[in-house]
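Here's the structure, in structure tokens; my notes come after.
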Amino acid sequence: MSAIRALALAALAASPGLLLAFPKDPDRLDPAAVRRTIDQYTVAWRTGDSAAIVRLLAPDAVLLPHHGGAARRGLAEIESFWWPAGARFRIDAFDQTVDEISGGGDLAYARGRFRLVVAPDTANSRDRRLSQGNWVALFRRSDQGWRISHRLWDDPRPVTLDTTSAGCRGDPELRVLDFWLGDWVVRAGGIRVGTNRVTAALDDCAITEEWTDGSGGRGNSLFYYEPAAAQWRQVWVTGQAKRPGGVKEKRLVAHYPGGAVRFEGEIRLPGGGHYLDRTTLYPMADSGVRQLIEVSENGGATWRAVFEGDYRRR
Amino acid sequence: VPGRRIPYPFPAIRLILLLPACSPGGAAAPHPDENELRHVVERYTAGWLSGDSAAVMGALAPDAVFTPHHGLMPLEGDSAIRQWWFPAASPPIKIVRFTLSPEQTGGSDSLAYAWGRLDLAWENARGGAAPDTATNAGTWLFIFRRDGTGGWRIAHLTSSDTLPRGR
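Going down the list, the sequences are from chains G and L. Numbering-wise, our numbering puts 199 at position 199 of the first sequence, and it's gapless, one number per residue. Just so we're on the same page, our numbering is the position in the second sequence counted from 1, plus 314.
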């Protein structure tokens, strides 16, 4: 039971984007402030800080759990749902994308996708389950910032992770980037902008990327699978590492139907401040790949495409 | 939903009681436009029950987002949602029971929400044989925005419901 409840924690997100005919209240909404609450919530779950989680909830918060579970109203019901007496579980990974943030007045909402790895029984650390799905949340402004007033999430049945084998070969979780392996010519807007060689390495436990742009600029990535979080991660380093974006660290935050994957990370600037950077890789039916790189300077409320590459095999 | 891509709409027929949000710790007040919000939901569910796609889509904002159950990818905008729910190549789903029972409304002058329980039953056609009836139940959450006339339209809709057996 604790597993189900633990899995049930999974979803909270943001939502933007509306037409002119549906006026927002942009002057009053600070999307970055809402994003901070979302990020704090994510970190609190990752670190198992139940007090921090509760502090991010409105006193009359409503939880609408996955799989049609009964609504939980108020902190007491929510706490007994998530942390029932005697329950023991461990969160190994929890990530949330923020695909939209919007609001009006003292109410905001957000949405995105989540990815959760939980060990429902800490006595058996080999039993780990992966859940991925959608979250939608409402937020209410308070003196302490934006607080979660409602959260609904839903996902399919969790997948049990294979922790019995130390090898990487043959593990489906480690095959999710296989569509990107190859020698590529990369075009943007129809113009050749570079080449990319993406290669499996270290007995399929890692992937290397060797990018060369049209003027000889180079960048290398190491993608590796972090077993505790059951998650792919990326380190990207270029020959201009001191420039913003010259070095990036991202983690795989979402899988999409059709095999697309999204990596997301925070890029810190030397003088302070930061922005968000995400890359989505879409396998195409003709064995090509589309790569979309986007940045957000407002906490994920809006994203600006900075690169859209069309990959064709050499 | 088993079988083909069912346009899982959490269609619902009528809105029953609106139970004010009496939650511990001091609750948000019901939205002043609660009756109008209920009418939007009623139009939506009535549209599903009568197989009237125009009525269903008319309850939504043109840029509405539909986040389906069970982690399926969100659909953004009228066209994507319409194609999902009412695919041209498939016969319409026959909804035989659809109840959205709001338990709480709230929000501001420009953004509102409602949530509650859902109860859904639909018929699965089986060639010439008698159709199967499938059911589902769970919770739903709608977010509303005002349209150009000051009325309310559904800007976001999502639900959570029981998983099919054996999946």
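For each residue, glycine too, the CB sits at the ideal point set by N, CA and C.
Check	Outcome
Backbone CA spacing between G:SER50 and G:GLN40 [nearest angstrom]	12 Å
Sequence ranges, beta strand (DSSP E) only - wholly within the segment 402 to 459 of chain L, length at least 3	408 to 421 and 425 to 440
Proximity to L:ASP392 [Cα-Cα], best of L:GLY385, L:HIS383 and L:ALA378	L:ALA378
Distance, L:THR472 Cα to L:ILE330 Cα	A caution first: L:ILE330 carries a pLDDT of 32, below 50, which makes its placement in the model unreliable, though a value can still be read off. Straight-line Cα distance between these residues: approximately 19 Å.
Beta-carbon neighbours of G:PRO65, restricted to chain L and to distances below 9 Å	THR453 and SER474
Assumed close pair L:ALA435, L:THR449 - CB separation to whole angstroms, cut-off 8 Å	4 Å
Residues within the segment 110 to 140 of chain G neighbouring chain L, beta-carbon criterion of under 7 Å	ARG111, GLN132, GLY133, ASN134, VAL136 and LEU138
Rounded separation between L:GLU417 and G:GLU173 - CA only	40 Å
Neighbouring residues, chain G, relative to L:SER415 (Cβ below 7 Å)	The premise fails here: L:SER415 is roughly 11 Å from chain G at the closest Cβ pair, so nothing lies under 7 Å.
Chain L contact for G:GLY259 (CB, 8 Å cutoff)	no
Neighbourhood of G:GLN144 by C-beta distance below 8 Å, restricted to the same chain and skipping five residues each side	ARG55
Assigned secondary structure, G:ALA44 (DSSP; H/G/I helix, E/B strand, else coil)	helix
Short CB-CB distance (under 8 Å) between G:TYR311 and chain L	no
Collapsed DSSP secondary structure at L:VAL261 in the structure displayed	A query on residue 261 of chain L cannot be resolved here, the shown segment of chain L reaching from 315 to 481 and no further.
Selection of the segment 345 to 370 of chain L by Cβ proximity to chain G, strictly under 9 Å	none
Cross-chain neighbours of G:ARG35 in chain L, by beta carbon under 7 Å	None at all; the shortest Cβ gap to chain L is about 18 Å.
Beta carbon proximity, L:ALA429 to chain G, threshold 8 Å	The identity of residue 429 of chain L in the sequence shown is Trp, whereas the question assumes Ala. Output row for L:TRP429: interface = yes.
Within-8 Å CB hit, G:GLY145 to chain L	no
Proximity winner among L:LEU425, L:VAL370, L:LEU477 and L:SER404, relative to L:VAL355 (alpha-carbon distances)	L:VAL370
Beta carbon proximity, L:SER388 to chain G, threshold 8 Å	First, the amino acid is wrong: residue 388 of chain L is Pro here, not Ser. Interface residue, yes.
Residue environment, L:ASN349, which counts as buried when at least 16 other CB atoms sit within 10 Å	exposed
Proximity below 8 Å, CB of G:PHE179 to CB of G:ALA206	no
Neighbour list for L:ILE457 in chain G, Cβ cutoff strictly below 7 Å	TYR109
Contact with chain L by G:HIS150, beta-carbon distance below 8 Å	yes
Partner residues on chain G for L:SER422, Cβ-Cβ distance less than 9 Å	ASP25, GLY103, GLY104, GLY105, ASP106 and LEU107
Outcome for G:PHE307 when other beta-carbon atoms lying within 10 angstroms are tallied against a minimum of 16	exposed
Helix, strand or coil at G:ASP178 [DSSP, three-state]	helix
Boundaries (first-last residue) of the alpha helix (DSSP H) holding G:LEU75	74 to 82
G:ASP310 in three-state terms, based on DSSP	strand
Nearest residue (CA-CA) to G:ASP171, options G:GLY217, G:TRP232, G:TRP211 and G:GLY194	G:TRP232
Close Cβ partners of G:ARG72 (< 6 Å) along its chain, the five nearest in sequence each way excluded	LEU63, ILE78 and PHE81
Local conformation of G:SER296 per DSSP, three classes	strand
8 Å Cβ cutoff, L:ILE468 in contact with chain G	no
Exposed unless 16 or more other CB atoms sit within 10 angstroms - verdict on L:ASP475	buried
Stretch-stretch touch, CB-based, cutoff 8 Å, three pairs: the segment 200 to 214 of chain G with the segment 149 to 161 of chain G	no
Residue of G:SER296, G:ALA200, G:PRO283 and G:ARG251 minimising C-alpha distance to G:HIS274	G:SER296
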